[in-house]
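Remarks on the structure that follows.
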Amino acid sequence: MNERVQIEHALRTGLENNEFYMVYQPQVNDLNETIGFEALLRWNSHELGVVSPDRFIPITEETGLINPLGLWVMKEAFTQLKAWQDMGIPACFQGVAINISPYQFSQEGFVEQVLEAVSTIGVDPRLIDLEITEGLLVKDIPLVTSKMQMLKDIGIRFSIDDFGTAYSSLRYLQHFPLDQLKIDQSFIRDLTDESSSQVIVNTIVSMANHMQLSVLAEGVETRREKNILLTLGCTRFQGYHFARPLDKEAATEYLYKNTPMLVQSPNH
Ligand code: C2E
Ligand code: CA
Ligand code: CA
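Just so it is clear: in the sequence shown, position 80 is 66 by this note's numbering, and no numbers are missing.
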């Protein structure tokens, strides 16, 4: 309880004090080419030191602070993406994924906020991937669908984060304009010794294929896990085996080292 109060207090000044920053974790294909980054939030609090997002995000959700913070995350990630866009986007690079809290998505004016940030920053919306969770999809289906569709219309993509961990309403999935399922790391962790996880991953991959969605495995830590995933038909990966989340300088270096060719040159 005490810790919560401390975190909540420190959060209120954190944004003004510039205590937050983003890191970018590479997502790669079967050839180890960089296909994207997931933008992850970091908080180095003046009062509390480094606090993990698993600890402070839930508090921002309860207090409503997720709205200003989520907007800051979006603008920061779009600005970085725009910098890469101006440097030239490699052929296989599909852009940056941003975590969207269900509270943030459900907020009135969320769609308008995204549209405004896209146009002010000048980022190509086809390079944006929004990660949402299954829980969001069981709420107000017509409203959620129409908000997603407005963003789809300008080219923004949607991924389901932590897929398989929540109540997976498979029947509903097909109603939403989705692009990708991210297989939760708990299944990857068990792949090598638990064949039930192999069955689950196999099922998710074939379901994704039927629905014409891509599928990305997160939390891949070993070559062995990657190889099992390949045999199960998954060819998109994210995890410590490839790279940890990187600061923007290191991410930039990683992107241009792991790129075959440029298809878009600056400002064209
Ligand atoms: P998530 O979206 O599932 O993010 C993946 C988490 O797994 C990240 O932890 C990442 O650093 C970690 N990870 C990546 N590869 C590996 C691996 O190979 N092994 C292991 N054991 N872990 C790996 P992180 O950055 O601490 O984020 C935790 C959670 O906090 C995220 O889970 C997400 O739910 C939330 N979060 C982070 N940034 C944001 C944000 O900007 N907005 C919102 N709304 N939530 C965020
Ligand atoms: Ca995520
Ligand atoms: Ca996840």
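Idealized CB from N, CA, C, for every residue including glycine. If you're wondering where the values come from, they're calculated on a predicted model, not measured in any experiment.
Secondary structure of residue i, DSSP reduced to three states
| i | result |
| --- | --- |
| glycine 121 | helix |
| isoleucine 111 | Per the sequence presented here, residue 111 reads as proline, with isoleucine not at that position. Helix at proline 111. |
| alanine 103 | helix |
| leucine 216 | helix |
| isoleucine 230 | For clarity, residue 230 is arginine in the given sequence; the question names isoleucine instead. Arginine 230 falls in the coil class under three-state DSSP. |
| glutamine 116 | Correcting the residue type first, residue 116 is leucine in the shown sequence and not glutamine. Three-state result, leucine 116: strand. |
| methionine 8 | strand |
| asparagine 53 | helix |
| leucine 167 | strand |
| leucine 241 | helix |
| glutamate -6 | helix |
| glutamate 2 | coil |
Residue i vs residue j beta-carbon contact at 8 Å
| i | j | result |
| --- | --- | --- |
| asparagine 85 | aspartate 176 | no |
| leucine 67 | glycine 81 | yes |
| isoleucine 52 | glutamine -8 | no |
| isoleucine 256 | tyrosine 158 | In the structure as shown, the chain begins at -13 and stops at 254. Residue 256 is therefore absent and cannot be evaluated. |
| leucine 27 | phenylalanine 6 | yes |
| tryptophan 58 | leucine 1 | yes |
| methionine 134 | alanine 103 | no |
| alanine 63 | methionine 8 | yes |
| alanine 152 | threonine 119 | yes |
Per-residue burial, residue i [other beta carbons within 10 Å of its own, 16 or more giving buried]
| i | result |
| --- | --- |
| aspartate 170 | buried |
| threonine 20 | buried |
| isoleucine 214 | buried |
| lysine 212 | buried |
| proline 39 | exposed |
Close beta carbons around residue i, own chain, < 6 Å, minus the five adjacent residues each side
| i | result |
| --- | --- |
| alanine 194 | Leu167, Val201 |
| valine 37 | Trp29, Ser31 |
| leucine 218 | Val187, Asn188, Val191 |
| tyrosine 226 | Glu207 |
7 Å CB neighbourhood of residue i in its chain, flanking five on each side removed
| i | result |
| --- | --- |
| glutamate 98 | none |
| threonine 46 | Leu(-3), Ile52, Leu55 |
| glutamate -6 | Ile45, Thr49 |
| tyrosine 240 | Pro12, Thr20, Ala229, Leu232 |
Cβ shell of residue i (< 8 Å), same chain only, five flanking positions each side left out
| i | result |
| --- | --- |
| tryptophan 156 | According to the sequence shown, residue 156 is leucine rather than tryptophan. Answer for leucine 156: Met193, listed in chain order. |
| glutamine 184 | Leu177, Ile214, Leu218 |
Determine, using beta-carbon pairs with one atom in the segment 106 to 117 and one in the segment 128 to 144, whether at least three such pairs fall under 8 Å.
Taking 8 Å as the limit for Cβ pairs, the verdict is that the segment 128 to 144 does touch the segment 106 to 117.
Kindly confirm or deny that the segment 4 to 21 and the segment 214 to 234 touch, where touching means at least three C-beta pairs closer than 8 Å. Yes: at least three Cβ pairs fall under 8 Å.
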